[in-house]
Every structure is written in C-alpha cells, then in structure tokens.
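Have a look at the structure below, then the notes.
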Amino acid sequence: VMRGDETEVINYKLYSRDQRILAEGLISDEKDSKLTFEIDELKMSLISELANFGHEIDGLLNLDIEIAEVLGDPKITANGRLNRFSLDQFPYGDLLIESIWDRPNAKINLDTRLVHQDASKILLQGSYLLKNDKSPLDFRLFTEGMFPLDYISPFVDGQLYDSTLISTDIRN
84 VMRGDETEVI
94 NYKLYSRDQR
104 ILAEGLISDE
114 KDSKLTFEID
124 ELKMSLISEL
134 ANFGHEIDGL
144 LNLDIEIAEV
154 LGDPKITANG
164 RLNRFSLDQF
174 PYGDLLIESI
184 WDRPNAKINL
194 DTRLVHQDAS
204 KILLQGSYLL
214 KNDKSPLDFR
224 LFTEGMFPLD
234 YISPFVDGQL
244 YDSTLISTDI
254 RN
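Right, here's the structure in full:
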C-alpha cells in the first residue's frame, strides 16, 4: 500500500508447499520504519542452482531478517538456522546464524554455530570485511568435541595464505 512517500507491505507471502517467504513492514524516511522477512523451510538446493556458489549447498533455511531505516541509514540483522546443512553432499549438521551488518565499518558481524550429528560443535565469531578482497575473514574459531579440519576448508578456501597467522589456545 503506497501513501505519499511511504510504502507499507502487509502480509506479502510467497510460498510453495512447506516453503514460505513472508514480508511485512513500512518503507519510509522515518527512523522507526522497518521491513521484516520471515523465510521458512527454504530448500537451499534451489538457491544453489540459481546462484553459482561454486559448491553444492543443501539444507532447509529458516531465517528472520529485519531492515530498519530502509530509506535512511539501513541497519540489517538476520537470525536463522540451516537444518541438515550439507556442502558438496557432505553432511555437516545444523548451522545457526546471527548476523548484523555494520555499515559504517563495511563489515558483517557473524556469530555462527555448527552442530554436527556426532554432537561436536564449531563456533565461529567475528566479521566478514566487505572491502577487503585479499583476506576478508576476521574470525575466532571455537570447538566443542573433535572434528576433522575438512569441516572448515570449504568456508576458508582461498582465504588462507602462506602469511596467514593461525593461533590456537588448547584447553582441557
């Protein structure tokens, strides 16, 4: 619904069987305006086919996105879960994601947790630097339980260089 300089999105749904995308909110110059998206049970294999990620991604995505001040100084937060996440047909488990777009510093702050079927956990906290082409990852990696290093290799492919410093803190 358009009213002057405002556009209100009311219960806009796009769905197919169990998959659903819902959009609601207000697009305006007002500071308290926000647009929200709810994504339920989206099959990542469909997205993987449409976008050329270089890897075959699968799983069911459930995600809530909020965009505040859409026409002003946008602030974007996203929280979700990718159930039964697999990459190149290798099953990783469930991936939980919290992210905030830090626009002034040109980065996305991430807090992720991968829970594998064997109950091991990998926690990744840090930032993806949007304006750093050479090494955009600035993360701390925490683990609970043992896991093969192959678990993280697809995520850092092309990001680790001979000059990359990797430090560890092993605790009992």
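All letters in the sequence shown, in the order written, are residues 84 to 255 by this note's numbering. The beta carbon of each residue, even a glycine, is placed where N, CA and C say it ideally should be.
| Check | Outcome |
| --- | --- |
| Okay, do the segment 168 to 175 and the segment 140 to 151 touch, 3+ Cβ pairs below 8 Å being the bar? | yes |
| Leaving out the 5 sequence neighbours to the left and right, which residues in its chain are closer than 8 Å to Leu154 when beta-carbon positions are compared? | Ile110, Ser111, Asp112, Ser116 |
| Quick one: grab the DSSP three-state call for Met127. | helix |
| Can you tell which of Glu227, Ile130, Glu152 has the C-alpha that lies nearest to the C-alpha of Trp184? | Glu152 |
| Can you give me the C-alpha to C-alpha distance between Asp156 and Leu118, rounded to a whole angstrom? | 13 Å |
| Looking only at its own chain, which residues have a Cβ that is under 6 Å from the Cβ of Glu91, when we skip the five neighbours before and after it? | Val84, Leu109 |
| What runs of the beta strand (DSSP E), each 3 residues or longer, lie entirely inside the segment 185 to 215? | 190 to 198, 204 to 212 |
| Using CA atoms only, rank isn't needed, just tell me which of Glu107, Ser128, Leu133 is closest to Leu170. | Ser128 |
| Measuring alpha carbon to alpha carbon, tell me which residue in Lys204, Arg164, Ser218, Pro219 is nearest Lys126. | Arg164 |
| For Glu132, which three-state DSSP category applies? | helix |
| Give the secondary structure of Gly87 by DSSP, where H, G and I count as helix, E and B as strand, and everything else as coil. | coil |
| Around the C-beta of Ser99, are 16 or more other C-beta atoms found within 10 angstroms, so that it is buried, or is it exposed? | exposed |
| Go ahead and pull the three-state DSSP assignment for Ser99. | strand |
| Are the beta-carbon atoms belonging to Arg186 and Gln208 less than 8 Å from one another? | no |
| Label Ser210 either buried or exposed according to how many other C-beta atoms from any shown protein chain fall within 10 Å of its C-beta, with 16 as the threshold for buried. | buried |
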